[in-house]
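Worksheet: one structure, shown below.
Protein chains: 2
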Amino acid sequence: MFENVYDVIVVGAGHAGSEAAAAAANMGSATLLITMNLQNIAQMSCNPAMGGIAKGQIVREIDALGGYSGIVSDTSAIQFKMLNKSKGPAMWSPRVQSDRMRFAEDWRLMLERTPNLDFYQEMVSGLIVENHKVVGVRTSLGLEIRAKSVVLTNGTFLNGLIHIGDKNFGGGRAGERAATGITEQLVQLGFESGRMKTGTPPRVDGRSLDYSKMIVQPGDEVPEKFSYSDVTKPLTHQRDCHMSYTSPLVHDLLREGFDRSPMFNGRIQSTGPRYCPSIEDKINRFATKDRHQLFVEPEGWNTVEVYVNGFSTSLPEDVQFKALRSVEGFEKVKFFRPGYAIEYDYFPPTQLKHTLETKLVRGLFFAGQINGTTGYEEAASQGLMAGINAALQVQERDEFTLKRNEAYIGVLVDDLITKGTEEPYRMFTSRAEYRTLLRQDNADLRLTPKGYELGLVCEKRLKRMEEKHSKAEAFVEFFKDTSVQSQDINPILEVNNSAVVNQSGKLFKIFARPNISMEDIRKIDSVEAYIQGHDLDKETIEQAEIQVKYSGYIDKEKNNAEKLNRLEDLKIPSDFDYSLMKSMSTEARQKLEKIKPRTISQASRISGVSPSDVSVLLVYMGR
Amino acid sequence: MFENVYDVIVVGAGHAGSEAAAAAANMGSATLLITMNLQNIAQMSCNPAMGGIAKGQIVREIDALGGYSGIVSDTSAIQFKMLNKSKGPAMWSPRVQSDRMRFAEDWRLMLERTPNLDFYQEMVSGLIVENHKVVGVRTSLGLEIRAKSVVLTNGTFLNGLIHIGDKNFGGGRAGERAATGITEQLVQLGFESGRMKTGTPPRVDGRSLDYSKMIVQPGDEVPEKFSYSDVTKPLTHQRDCHMSYTSPLVHDLLREGFDRSPMFNGRIQSTGPRYCPSIEDKINRFATKDRHQLFVEPEGWNTVEVYVNGFSTSLPEDVQFKALRSVEGFEKVKFFRPGYAIEYDYFPPTQLKHTLETKLVRGLFFAGQINGTTGYEEAASQGLMAGINAALQVQERDEFTLKRNEAYIGVLVDDLITKGTEEPYRMFTSRAEYRTLLRQDNADLRLTPKGYELGLVCEKRLKRMEEKHSKAEAFVEFFKDTSVQSQDINPILEVNNSAVVNQSGKLFKIFARPNISMEDIRKIDSVEAYIQGHDLDKETIEQAEIQVKYSGYIDKEKNNAEKLNRLEDLKIPSDFDYSLMKSMSTEARQKLEKIKPRTISQASRISGVSPSDVSVLLVYMGR
Ligand SMILES: Cc1cc2nc3c(=O)[nH]c(=O)nc-3n(C[C@H](O)[C@H](O)[C@H](O)COP(=O)(O)OP(=O)(O)OC[C@H]3O[C@@H](n4cnc5c(N)ncnc54)[C@H](O)[C@@H]3O)c2cc1C
Ligand SMILES: Cc1cc2nc3c(=O)[nH]c(=O)nc-3n(C[C@H](O)[C@H](O)[C@H](O)COP(=O)(O)OP(=O)(O)OC[C@H]3O[C@@H](n4cnc5c(N)ncnc54)[C@H](O)[C@@H]3O)c2cc1C
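If you read the sequences in order, they're chains A and B. Heads up: take any position in the first sequence, counting from 1, add 179, and you land on my numbering. Heads up: take any position in the second sequence, counting from 1, add 179, and you land on my numbering.
Structure follows, in structure tokens:
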């Protein structure tokens, strides 16, 4: 039935698989997306939301590279918020509340409109591997489909086991079956596999809630959007979320189920996401806290289904129910379905190269939850990188990787393959050394030229980005070049409690002061005239403001990054023989042999490899 | 978790379950709809279309009674056709092509907006029965949910087994799991169960088809709609379907797979729908036919997925593929998924009362495919009837049934419970004795007053219907009362090859002639003046035309029906002792004991009960 050899087969149409398929196909590779149910493409398994702290930056990066997640997040959004607006712009993080059904539908329709992309619904039960090279997949019906490369993105489905209280049953997600066969085969091929778990809260009937007892959480007054492209528009109206709190009573009620909790009675051994803990975890770990926030999030524009963010749990359903009924506003709550936990197989990602290709099997790439990560954004960005590299490999082009100072995606991949992960890996701003560089507002500047080179971004988008940034730069130059008289600026300084000046000076210096905002500085006629004269839009003005106000930080991080990149440029040959290095600690040697870092810099980030080990390495490499 | 006792629990949210839940809830019963996946409510398992011959009438009847299927068919339609327009109005049958995703979403949103209706996602694994009365259900998690009545609508899910070629695996539908436990328990309770099968064609990628080689099938130029209510509007634009043909080559290619066909090699024993045969069945049964029609139907407004109507098959997927590639326009076809057959458990419907309550367990109702029927419309109408009767029983109101001369739904239920069915039962116009009465144009006249009495139809709708019909009646009276001069009518008669008249006469008689249409008769000034003066709309005018032109047939069928209804009024006591009737054939006695007909008329329709058996019965009843 499949006569031709595909360039790329993507297994699984979750967030990782969908981005992988789109990227490979858009780069001109004949691509096949196989998934268990074509009706559930890019299904949001858990919370109906995209973005958030660090994750919002990732979505912007995906968009800047030509992925689809940003566009779909925009078209399916029901609420937009720029988080952390009160902090520095490195911390600003866009987040949307999504219409779950619309999100999946829009993804599907975008994929359908992608040339070179075929679809097939079935379960993949194994890979066809010849001479350590993947050459295709085998389906549960016994079909063999040939391909030059394969991207596995099985999410939580591999031997998925769902837990609620003391009951458990096979499943990849509530109401969907688990996938079997793949783990077993990979282990036979020499892969190491592990087990992780994640959980989800109950879904409830919005008609049974009393919102008057909760705190309303509206979207931003002037909503923005994810995609840098002009195919989407910011929302013109939005849906509210709400907030409520647990209480000591709620905690007591939950505790009553602890002996039947699979988390506490030993039934679940695998590790869950520390930063996305279940409510029972929170009560347990923070025993002194007498309440926790719950966000009450609508699942779409029209549906009454509601997601209870913060109440993830695998306690018995009667315990979940009784406890939630004691939360303010939830006195009459009705469940659509209880929360549950799921255990699934993953493959420690130290088995991967920077391209997300496996070290063991050529042409085989892993992306998403299968690599031990959690979150749609983390999955989507890996899918994008794996899809790109699968296509590049087939096209015999150079591989594509991102450095830690270039993108959160670079940090993510480097962390995974260098450090591995013992618990579901989630992105945080703190994981990035250069977060002042990796802002949500400049992801296009950082990555769109790369997306263009790859063939994922059209010239028009590149040109728009370049124009926006050169306008912003020129505006910054204007501040540097233009002086202001003390009598003009002092009234503004006074009002803002900023020390007055005695003589005229460059605008840049004044504007760089913490108390002085763009709004203030615009009161200077020449500034306003520049803006009007150059027809600067909101985005460009904001960009210039960030450049001026954070120039100190930005320059410092750029310097640091350059230093590091010099180490990054010191490549270690892939056949480097670590056994020669007797003076290195055994642990370091073993780790280095396993991870096979590509550069001195990567070697230095491996846990267990000390600065002195790195010095030894440098000596052996003749430095 | 479920503390209260529900009035009605509906198990399964297919077409039957969705209508059942809506009806019960709208009648004021506290209702719970439990289904395996809330994301798949009212999923169209097979063809993306509603209505068609006899089925379109059923949808109109459901709508007239206050069900939702008509409204959702309208809101999700992408093409409308009135079939059989060239035949008498008893044969006119509305049909829409549907947007599969929109259909499911609109159903879900309508149900969410229905008061008294709760939702819960889980698999029901058994019933709770006490003293031959159902008192609740048990879920796979072990929850017990109490109710006064339960409607089972499990569709094709009970021990569902999917076949493709010589492979088979458990499943309720492609990509969904089967339901287990219920059949086994019902059999223990004394129910008889059986096995049926049905099949579905491959889904293909519309981008891979060459439509220029096919025959375009547009919708009606002036599309109508299903719902009598004013909440929906006819389509303003539509999507085309296409048509192609199989060929002797295609048939030969298919035959190559016959030895691996589960239908022919004995692997599937159960009976499939005779009137919805698989392509291999068609080739086999009609060996002399050298081609069969294939309708190429888009799955929605925007998707590229296409349904290949007429190519239902469970042959091995490579055989399906090779054969379909030989169909004109399909030379480069790509599959989204192959066709397959599914075997599932059903319960012979002779175990039911007219209300669709089981005879064995009080408060337990069956509706849909579980009763051995096939088709969305058949399922939906049973769901509606079961939901209504479950609510009525709980409310201690009289049961609601429809006679054979009142509705196709009456024919359907009476056929099922009286005759049972050996193969998947599908509705046809030929099953109705009074099909001139059971038209798609008068379902509102027949049923809306009943819907109003049940509390399912609002007064406004009732009034609109009454107004429309009294206007039509008055118009008919006008034709009866108004004379026309020969010199006025003869030119019209001549043009239409109808014998001229010598003297003036009533318009009615002229208009009743076969060659004279409404368009013709409107050329008489007084007719046109009446229409304008009374502001008659298209529907009313059409109604009057049907009344005039078919008055003969209509009167005759009404007479017959009245005669029959006199027998229908002869009720047989439910404890009637058939063993006393020695002079009756043993077969008849056994059948009567099993079916327990409620009336002499129903008794006469049981196969194996002869007219002389009926006479015996009448004698025993003292007639
Ligand atoms: C219960 C639950 C709770 C979660 N909670 C959180 C949370 O609190 N916070 C958070 O950030 N993230 C959470 N997640 C994780 C988040 O959903 C995932 O990180 C993200 O969806 C992973 O994307 P993915 O593309 O890797 O896999 P998925 O989205 O899981 O998609 C996998 C896809 O692969 C398909 N597939 C699998 N195996 C096969 C096969 N053999 N053949 C064909 N197709 C196959 C599946 O059908 C599916 O379409 C949760 C997930 C679940 C299920
Ligand atoms: C492969 C296939 C081919 C078909 N081909 C045709 C055809 O050619 N022509 C035709 O007219 N009709 C065809 N049909 C039939 C048509 O789809 C059905 O007649 C119609 O959908 C029946 O409606 P229903 O409501 O009875 O059941 P379904 O639509 O099957 O719905 C059953 C519902 O019950 C739920 N459910 C089942 N068991 C449980 C449980 N234990 N607990 C909770 N929920 C449960 C399911 O999740 C589902 O939502 C086909 C169906 C299938 C699957």
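Cβ atoms here follow ideal geometry from the backbone N, Cα and C, with glycine treated the same way. Treat the numbers as computed from the prediction; the structure is a model and nothing was measured.
Closest Cα partner of residue i within the set the options
i: A/Ser272; options: A/Tyr587, A/Ile447, A/Lys582; result: A/Tyr587
i: A/Arg382; options: A/Asn444, A/Glu478, A/Pro397; result: A/Glu478
i: A/Met422; options: A/Asp384, A/Val366, A/Asn488; result: A/Asn488
i: A/Lys629; options: A/His416, A/Gly196, A/Met206, A/Gly193; result: A/Met206
i: A/Met833; options: A/Asp345, A/Pro294, A/Tyr424, A/Lys260; result: Since the displayed chain A opens at 180 and closes at 802, residue 833 of chain A lies outside it and no answer follows.
i: B/Glu585; options: B/Pro603, B/Leu626, B/Lys501; result: B/Leu626
i: A/Leu563; options: A/Arg583, A/Arg541, A/Val592; result: A/Val592
i: B/Ser789; options: B/Thr765, B/Lys775, B/Ile703; result: B/Thr765
i: B/Leu759; options: B/Asn183, B/Ile751, B/Arg768; result: B/Arg768
i: B/Gly547; options: B/Leu539, B/Ala558, B/Arg541; result: B/Ala558
i: B/Ser406; options: B/Leu368, B/Arg643, B/Ser762; result: B/Arg643
i: A/Thr377; options: A/Glu507, A/Lys538, A/Arg701, A/Phe490; result: A/Phe490
i: B/Ser248; options: B/Thr661, B/Leu212, B/Trp286; result: B/Trp286
i: B/Gly315; options: B/Pro380, B/Leu212, B/Lys346; result: B/Leu212
i: A/Ser665; options: A/Lys650, A/Ser649, A/Lys685; result: A/Lys685
i: A/Ser208; options: A/Phe545, A/Arg470, A/Glu182, A/Leu571; result: A/Leu571
First and last residue of the uninterrupted beta strand (DSSP E) at residue i
i: A/Leu771; result: Run containing A/Leu771: none in the beta strand (DSSP E); it sits in the alpha helix (DSSP H), 765-774.
i: B/Thr210; result: 210-214
i: A/Glu638; result: Counting along the chain, A/Glu638 falls outside any beta strand (DSSP E), though it belongs to the alpha helix (DSSP H) covering 638-660.
i: A/Asn347; result: 346-349
i: A/Thr547; result: The sequence shown places Gly at residue 547 of chain A, not Thr. Element bounds for A/Gly547: n/a, residue is neither H nor E.
i: B/Tyr523; result: 519-525
i: A/Met375; result: 373-379
Residue-chain proximity (residue i, chain E), Cβ-Cβ < 8 Å
i: A/Asp253; result: This model lacks chain E altogether; the protein chains it does include are A and B.
Extent of the continuous alpha helix (DSSP H) to which residue i belongs
i: B/Ile250; result: 248-254
i: B/Arg317; result: That residue, B/Arg317, is in no alpha helix (DSSP H); its beta strand (DSSP E) goes 312-318.
i: B/Asn463; result: 458-464
i: B/His342; result: Counting along the chain, B/His342 falls outside any alpha helix (DSSP H), though it belongs to the beta strand (DSSP E) covering 340-343.
i: A/Leu715; result: Run containing A/Leu715: none; DSSP gives neither H nor E here.
i: A/Lys598; result: 587-598
Residue i Cβ short of 7 Å to ligand 3 heavy atom set
i: B/Gln548; result: Annotation note on ligand 3: not contained in the displayed structure, which lists ligand 1 and ligand 2 as its ligands.
Near-chain A residues of the segment 476-510 of chain B - C-beta to any C-beta below 7 Å = Asn481, Thr482, Val483, Glu496, Asp497, Phe500
Chain-ordered residues of the segment 333-367 of chain A with a beta carbon less than 9 Å from chain B = Residues of the segment 333-367 of chain A with a Cβ closer than 9 Å to any Cβ of chain B, in chain order: Ile343, Gly344, Lys346, Phe348, Gly350, Ala353, Gly354, Glu355, Arg356.
If you pair each beta-carbon of the segment 549-565 of chain A with each one of the segment 492-502 of chain A, do three or more pairs fall below 8 Å?
-> Taking a contact to require three or more Cβ pairs closer than 8 Å, the segment 549-565 of chain A and the segment 492-502 of chain A do not qualify as touching.
Residues of the segment 747-758 of chain B with Cβ closer than 7 Å to any Cβ of chain A, in chain order = For the segment 747-758 of chain B, there are no residues whose beta carbon sits under 7 Å from a beta carbon of chain A.
Contact between the segment 347-362 of chain A and the segment 329-336 of chain A: three or more CB pairs below 8 Å?
-> Contact between the segment 347-362 of chain A and the segment 329-336 of chain A is present, because at least three Cβ pairs lie under 8 Å.
Taking three-plus beta-carbon pairs below 8 Å as touching, is the segment 320-327 of chain B in contact with the segment 298-309 of chain B?
-> yes
Could you tell me whether the segment 185-199 of chain B touches the segment 778-790 of chain A, where touching means 3 or more Cβ pairs closer than 8 Å?
-> no
Interface residues of the segment 296-328 of chain B facing chain A [CB-CB below 9 Å] = Residues passing the 9 Å Cβ filter: Asp297, Phe298, Tyr299, Gln300, Glu301, Met302, Ser319, Leu320, Gly321, Leu322.
Would you check if the segment 735-742 of chain B and the segment 610-618 of chain B touch, i.e. whether three or more CB-CB distances between them fall below 8 Å?
-> yes
Meets three-Cβ-pair contact criterion under 8 Å: the segment 599-615 of chain A and the segment 655-663 of chain A | The segment 599-615 of chain A vs the segment 655-663 of chain A: no contact.
Please list the residues of the segment 680-699 of chain A that have a C-beta atom closer than 7 Å to any C-beta atom in chain B, keeping them in chain order.
-> none
Name, going along the chain, the residues of the segment 261-285 of chain A whose beta-carbon falls closer than 7 Å to a beta-carbon of chain B.
-> Met280, Glu284
Per the contact definition of three or more C-beta pairs closer than 8 Å, is the segment 249-269 of chain A in contact with the segment 560-579 of chain A?
-> no
Does the count of Cβ pairs from the segment 344-357 of chain B and the segment 462-473 of chain B closer than 8 Å reach three?
-> no
Relative to chain B, which residues along the segment 511-542 of chain A have a C-beta separation below 7 Å, given in chain order?
-> Lys513, Phe514, Phe515, Arg516
Closer than 8 Å, Cβ to any Cβ of chain B: which residues of the segment 181-193 of chain A, in chain order?
-> Within the segment 181-193 of chain A, no residue has its Cβ closer than 8 Å to any Cβ of chain B.
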